[in-house]
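S.K.: Encoded as structure tokens, here's the structure I'll be asking about.
In our numbering, the protein residues as written are 4 to 215.
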């Protein structure tokens with residue numbers, strides 16, 4: 004779902020851009036890193052700590068978090084679509100999903116890849132914490148985004164869906180077995196501890212409406 008595409012919210016939102024990043028050095032290093040990989044900088048995918056404090060002052064940052072097991076499958080489905088269309092690369096089914104999981108060893112700790120939605124394997128918690136490690140954003144949940152966004156922003160507009168991945172199976176759970184459940188659970192331990200995720204549950208804590 005794309006909150007920033009809602010016309011009603013345009014005057015109220017500030018989207019991260021190059022000039023709002025923490026420094027020109029950061030922006031240049033990000034651009035160079037992405038160019039080496041054949042990608043665009045995708046400035047809007049910056050973490051909170053990558054945004055200049057003067058740009059953060061006087062604003063209320065918000066973010067949307069998602070069950071990490073569902074998020075990985077969504078990224079995988081998007082990879083299936085984009086890689087097939089652009090490179091002719093075949094990546095599908097459980098075997099393809101296992102291969103995708105293995106990519107965390109190659110890309111998981113590379114600097115600046117938090118700017119890449121498919122290649123990046125960084126925990127969601129790292130996007131929303133400040134320099135002290137404290138969650139410093141208003142957190143909404145992807146699983147209830149249509150309802151929570153309308154309530155939080157006090158809007159009547161329906162929240163549109165964007166980048167809807169092609170369906171693979173009836174749900175994200177279908178691609179998992181005990182081993183892959185553990186792999187994702189271990190990798191995103193920080194998210195699970197911060198937001199109280201379980202395999203088949205959305206965030207249970209540290210979000211605006213999780214106590215309801």
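Cβ atoms here follow ideal geometry from the backbone N, Cα and C, with glycine treated the same way.
Bear in mind that the values here come from a model prediction, so they are computed numbers and not experimental data.
1) So what does residue 19 bridge to, in DSSP terms?
2) Quick one: what's residue 204 bridged to in DSSP?
3) Identify which residue in 147, 73, 198 has its Cα closest to the Cα of residue 187.
4) In chain order, what residues of the same chain have a beta carbon less than 6 Å from the beta carbon of residue 34, not counting five sequence neighbours either side?
5) Taking the Cβ atom as the reference point for each residue, do residue 11 and residue 160 lie within a distance shorter than 9 Å?
6) Contact between the stretch 200-208 and the stretch 113-125 is defined here as three or more beta-carbon pairs at a separation below 8 Å; is this criterion met?
7) What are the partner residues of residue 141, as DSSP defines its beta bridges?
8) Do the stretch 22-31 and the stretch 176-187 make contact, defined as three or more Cβ pairs closer than 8 Å?
9) DSSP three-state label for residue 76, please.
10) Taking just the CA atoms, how far does residue 53 sit from residue 5?
11) Looking at the secondary structure, which residues open and close the alpha helix (DSSP H) in which residue 154 lies?
12) Identify whether residue 40 lies in helix, strand or coil by the three-state DSSP scheme.
13) Please state whether the Cβ-Cβ distance between residue 30 and residue 118 is less than 9 Å.
14) Starting from residue 162, trace the alpha helix (DSSP H) in both directions and tell me its first and last residue.
M.R.: The relevant details are as follows:
1) Answer is none; residue 19 lacks a bridge partner.
2) 201.
3) Distances from the CA of residue 187 to each of 147, 73, 198 were compared; the closest alpha carbon is that of 73.
4) Counting only Cβ-Cβ distances below 6 Å, and skipping sequence neighbours, we find 44.
5) Yes, they are a contact pair.
6) With the cut-off at 8 Å, the stretch 200-208 and the stretch 113-125 do not touch.
7) For residue 141, which the question treats as bridged, DSSP gives the partners 65.
8) Contact fails: fewer than three Cβ-Cβ distances are below 8 Å.
9) Looking at residue 76 - three-state DSSP - the assignment turns out to be helix.
10) Computed Cα separation, rounded: 22 Å.
11) For residue 154, the enclosing alpha helix (DSSP H) begins and ends at 148-156.
12) The answer is coil: DSSP assigns residue 40 none of H, G, I, E or B.
13) No, Cβ-Cβ distance for residue 30 and residue 118 is not below 9 Å.
14) If you look at residue 162, you'll find it isn't in any alpha helix (DSSP H); DSSP assigns it neither H nor E.
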